[in-house]
Amino acid sequence: MDVRVDYGMCQDHGQCAIAAPKVFQMGDDGKLVYDKHPEDSQRDEVEEAADVCPVQAIFLDES
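Using the UniProt record's numbering, the first residue of the sequence shown is number 1, and each one after it goes up by one.
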């Protein structure tokens, strides 16, 4: 699974970091950082993170 965040859309709400903290985190500067290639075991959490994103800036691609 590949994860992509459109930083042009992302407003750093951090809801994804709450839903999938092993994949999404807020950096020291308050900006989102994330694992672009998380383990498949994280799929449910990543899908939930994409669903809760207020601006739908998270995209999942099968690899």
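Glycine is no exception: its CB is placed at the ideal position from the N, C-alpha and C atoms. Everything numeric in this text was worked out from a predicted model, so none of it was measured.
Straight-line measurement puts the Cα of ALA19 at about 19 Å from the Cα of MET9.
In the three-state reduction of the DSSP assignment, ASP29 falls in the coil class, being assigned neither a helical nor a strand state.
DSSP, reduced to helix, strand and coil, places ASP12 outside both helices and strands of the structure shown, so it counts as coil. In this structure, ASP6 sits away from ALA49, with a CB-CB distance that is not shorter than 7 Å. Pairing ASP12 with ASP40, the inter-Cα distance amounts to about 24 Å.
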